[in-house]
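One structure is given here, and the rest of the page talks about it.
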Amino acid sequence: MTDLPQVAFCGLQVTRLILGANPFGGYSHQSEARDAEMRAYHTVERIHETWQRAEAAGINTIITNNETPHVLQAVREYLAAGGALQWIAQLNCRSQPDMLRAIDEALAIGAQAVYFHGWQIDEAYRVRDEARLRQWSQHARRAGIPVGAAGHAPEAHLWVDSLDLVDFHCVCFFNCGSLHAGGGEHFDLQDIFPATEAIRTIHKPCIGYKIMGAGRIEARMAFEYAFARIKPGDVVNVGMHRGDRDDMVAHNAALVSEILSAGQ
Numbered sequence: 004m005t006d007l008p009q010v011a012f013c014g015l016q017v018t019r020l021i022l023g024a025n026p027f028g029g030y031s032h033q034s035e036a037r038d039a040e041m042r043a044y045h046t047v048e049r050i051h052e053t054w055q056r057a058e059a060a061g062i063n064t065i066i067t068n069n070e071t072p073h074v075l076q077a078v079r080e081y082l083a084a085g086g087a088l089q090w091i092a093q094l095n096c097r098s099q100p101d102m103l104r105a106i107d108e109a110l111a112i113g114a115q116a117v118y119f120h121g122w123q124i125d126e127a128y129r130v131r132d133e134a135r136l137r138q139w140s141q142h143a144r145r146a147g148i149p150v151g152a153a154g155h156a157p158e159a160h161l162w163v164d165s166l167d168l169v170d171f172h173c174v175c176f177f178n179c180g181s182l183h184a185g186g187g188e189h190f191d192l193q194d195i196f197p198a199t200e201a202i203r204t205i206h207k208p209c210i211g212y213k214i215m216g217a218g219r220i221e222a223r224m225a226f227e228y229a230f231a232r233i234k235p236g237d238v239v240n241v242g243m244h245r246g247d248r249d250d251m252v253a254h255n256a257a258l259v260s261e262i263l264s265a266g267q
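Take a look at the structure:
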C-alpha cells in the first residue's frame, strides 16, 4: 500500500488524493467519441474493481455524482457491501430536481459529505441567489455532515465564501463551465492562476479538481503544480480512466506520495 498523506478535512480524515468519477459516467470533456469509450469501459464491475485498487493504493475517499444511474448503482452496492472508501457526493438537480431530496437520498446511501455541482453554484452566483444556497446548506448541516460548493469560476467561489454558508470548496482549475465568455467546453491555461489564488484566499478547506485539464496535462506536472499552489490542508480530486493505463490508480497514488514526501 502507498503511504498517502491524510489531512483533517471538515471532521473527516481524507487522503490528499481523492479518486473522482467523471470517466465512469463518460464525462471526458474531450469529445463524444471519448465519452462513449469511457462509458463502454466502465461497467459496474470495473468501477468496483477500480475502487478496490484505490483501497490497495492507500486512497481512502471517492467522489461521484448523484445522476449517472450505473455509477450510483455501483456506489450503493459498494457501500452496502461494507466498502472501505468514504463517499463524498456531488449533487446536481438533473435526475433529482429537488436538491433537498437529493441531499437526503445521498445521506441514505451513505455519503460522508456532500457538495453542490459547479453548474448549480455558477447559476446561483450569476443571479446572486443567496437564499437558495442558504436553504440547501442548512438542510445538509442539520443532518450533521459537511457541505461544500463546487464552481468553475473563482469569482463564484469568492462570493460563496463571503456568505459563509459552506464548510469547504471544490475549485475547478479551469473555468470550463457556464460562466466564461461563449459557454461550452473551454480549457485555457491562464485559468489556473486565478483558480489557485482563490484556493489560497479561501481559508476553508478546498478540493482542487480538473487539475490535469481533463487529460490535457501530464500527471506529474499537474500534481507537482497543484500541491505547490494549494494550501497544506487541501486535497485534489482526480478521475482515472484505466482504459488508458490499467495501473493508473496505483501509479497516481505513488506519484502523489513521492511528490508530497519530497516537499516535506
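So the sequence shown is numbered by the numbering used here: it starts at 4 and just counts up by one. Heads up, the beta-carbon is just placed ideally off N, CA and C, and yes, glycines get one too.
Alpha carbons only, please: which of the options is nearest the one belonging to residue i?
i, options, result
"residue 122", "114, 262 and 178", "178"
"residue 158", "197, 53 and 167", "197"
"residue 45", "19, 26 and 6", "26"
"residue 20", "264, 255, 93 and 266", "255"
"residue 54", "131, 79 and 22", "22"
"residue 191", "214, 235, 260 and 78", "214"
"residue 133", "261, 10 and 163", "163"
"residue 139", "232, 234, 165 and 95", "95"
"residue 230", "56, 90, 253 and 264", "264"
"residue 250", "16, 9 and 57", "57"
"residue 165", "224, 201, 143 and 189", "201"
"residue 144", "6, 80 and 106", "106"
"residue 174", "189, 193 and 205", "205"
"residue 258", "242, 235, 225 and 244", "225"
Contact defined as beta carbons within less than 8 Å: I believe residue i pairs with residue j. What is the distance between those atoms, to the nearest angstrom?
i, j, result
"residue 12", "residue 150", "In fact, because the Cβ distance is near 13 Å, the residues do not count as touching under 8 Å."
"residue 63", "residue 24", "So it is not a contact: roughly 16 Å between Cβ atoms."
"residue 7", "residue 61", "4 Å"
For residue i, which residues of its own chain have a beta-carbon under 6 Å away from its beta-carbon, when the five flanking residues on both sides are left out?
i, result
"residue 195", "176"
"residue 146", "110"
"residue 246", "44"
"residue 116", "91, 148 and 149"
Cβ atoms of residue j and residue i: under 7 Å apart, would you say?
i, j, result
"residue 3", "residue 70", "The requested residue 3 is not part of the displayed model; the chain covers only 4 to 267."
"residue 240", "residue 66", "yes"
"residue 103", "residue 136", "no"
"residue 112", "residue 152", "no"
"residue 211", "residue 233", "yes"
"residue 93", "residue 120", "yes"
Report all residues from its chain with a CB closer than 7 Å to the CB of residue i; omit the five preceding and five following residues, and keep chain order.
i, result
"residue 33", "217 and 218"
"residue 29", "38, 39, 41 and 42"
"residue 77", "47, 50 and 51"
CB-CB under 8 Å to residue i, same chain, minus the five flanking residues each way: which ones, in chain order?
i, result
"residue 128", "154, 156, 158, 159, 162, 163 and 182"
Start-end ranges of the beta strand (DSSP E) lying completely within the stretch 230 to 265, minimum 3 residues: Within the stretch 230 to 265, the complete beta strand (DSSP E) segments at least 3 residues long are 238 to 241, listed from N- to C-terminus.
Counting only runs of 3+ residues fully inside the stretch 4 to 78, write out the beta strand (DSSP E) ranges in chain order. You should have 9 to 12, 15 to 18, 20 to 22 and 64 to 68.
Length-filtered (3 minimum) beta strand (DSSP E) runs lying within the stretch 89 to 174: As far as the stretch 89 to 174 is concerned, its whole beta strand (DSSP E) runs of at least 3 residues are 89 to 94, 116 to 119 and 150 to 154.
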